[in-house]
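J.:
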Amino acid sequence: MSDVGEPFSSQRKRRGISAGRGKTAGRGTKGQGARKSGGVRPGFEGGQMPIYMRLPHLGGFKSHRPKAEVVYTGQLSLVKKTTIDSTSLHEAGLVSSPFNNVKLILGGEVAGKKEVKLQAASQAAQKALKKAGGSFTAVDRLARSKQSPKSDKK
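Heads up: the sequence shown is residues 53 to 206, going by our numbering.
1) Could you tell me the boundaries of the beta strand (DSSP E) in which I157 lies?
2) Can you list, in chain order, the residues of its chain whose CB lies under 7 Å from that of Q63, leaving out five sequence neighbours each side?
3) Return the chain-ordered list of same chain residues with a C-beta closer than 7 Å to the C-beta of R79, the five sequence neighbours on each side being excluded.
4) Is K166 near L128, with beta carbons less than 9 Å apart?
5) Does the segment 135 to 143 come within contact of the segment 167 to 181, defined as at least 3 CB pairs closer than 8 Å?
6) Whole angstroms is fine: what's the gap from M105's alpha carbon to P94's?
7) So who's on the other strand from A122, going by DSSP bridges?
8) Between which two residues does the alpha helix (DSSP H) holding E143 run?
9) Could you pull out every residue in the same chain whose Cβ sits closer than 8 Å to the Cβ of P102, ignoring the five residues on either side in sequence?
10) Quick check on K88: does DSSP put it in helix, strand or coil?
11) From what residue to what residue does the beta strand (DSSP E) around A190 run?
12) On the three-state DSSP scale, how would you describe A195?
13) From I69 to G91, what does the alpha carbon distance come to, in whole angstroms?
14) Please classify L172: does DSSP put it in a helix, a strand, or coil?
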C-alpha cells in the first residue's frame, strides 16, 4: 500500500561503542539485571510483600444447582392452554428452555381456570390459582435425552 516503511531501523545491541548500543547494551552497570541470567521473577518487589499477597484472596463457592426461572401468575394468561407446564411456557416464550426448573410466583391476576404442573410455586400463587378455580401440581423437571442426535444415524 505504501512505500514509506518503518520510521526508524531497530538498534543492534552489543556491536561496539560506536554503534550506540554497545558496551553495557542498555543493561546499566553491574548488578543482578546486568548478568546474562539475571533479573527477578514477575511480581517480585525487592523483598517487600508483593501486591498479590497483600490483597485478600477471594474464597467462597458457586453453587452448581440450576436456578429456577420465574413466571408470574399474571403471565399465565399468555398461554392459551388450560393445562400449563414448562413446555407450554417455553412455547409461549415465557421461559428460555423447557428443561429448566420453573417457579410460579404471585404477580398479577389469574385469568380463568388453569391447571398448572410445574416444579415449584409460592403459597400465595397456589392460593390465587385455587381462588380462580385452578390447581397446582408439583412435578419433576423434564430430563434431556441422554442419546446424542449423531448416534441416531447408525
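Beta carbons: idealized from backbone N, C-alpha and C, even for Gly. For clarity, every value in this text was computed on a predicted model and none was experimentally measured.
T.: According to the data block:
1) As a position in the sequence shown, residue 157 is number 105, starting the count at 1. That run of the beta strand (DSSP E) goes 154 to 157.
2) For the purposes of this step, residue 63 is taken as residue 11 along the sequence shown, with counting starting at 1. Taken in chain order, the residues that qualify are G72, R73.
3) For the purposes of this step, residue 79 is taken as residue 27 along the sequence shown, with counting starting at 1. Excluding sequence neighbours, R79 sits near G85, A86.
4) Here residue 166 refers to the residue found at position 114 of the sequence shown. Here residue 128 refers to the residue found at position 76 of the sequence shown. Going by C-beta atoms, K166 is nearer than 9 Å to L128.
5) yes
6) The sequence position of residue 105 within the sequence shown is 53, counting from 1. The sequence position of residue 94 within the sequence shown is 42, counting from 1. If I take the Cα positions, the gap works out to 13 Å.
7) In the sequence shown, counting from the first residue as 1, residue 122 sits at position 70. The sequence shown places Val at residue 122, rather than the Ala named in the question. Answer is K155, bridged to V122.
8) The sequence position of residue 143 within the sequence shown is 91, counting from 1. Run containing E143: 138 to 143, per the alpha helix (DSSP H) assignment.
9) Translated into the one-based positions of the sequence shown, residue 102 becomes position 50. Counting only Cβ-Cβ distances below 8 Å, and skipping sequence neighbours, we find G95, F96.
10) Position 36 of the sequence shown, counted from the first residue, corresponds to residue 88. If DSSP states are grouped into helix, strand and coil, K88 belongs with coil.
11) The count along the sequence shown starts at 1 and reaches residue 190 at position 138. Here the beta strand (DSSP E) through A190 covers 187 to 190.
12) For the purposes of this step, residue 195 is taken as the residue at position 143 of the sequence shown. Note: A195 maps to coil in three-state DSSP.
13) Within the sequence shown, residue 69 is the residue found at index 17, counting from 1. Within the sequence shown, residue 91 is the residue found at index 39, counting from 1. Going by the C-alpha atoms only, they are around 24 Å apart.
14) Locating residue 172 in the sequence shown gives position 120, counting from the first residue. Reading off the sequence, residue 172 comes out as Ala, not Leu. Three-state result, A172: strand.
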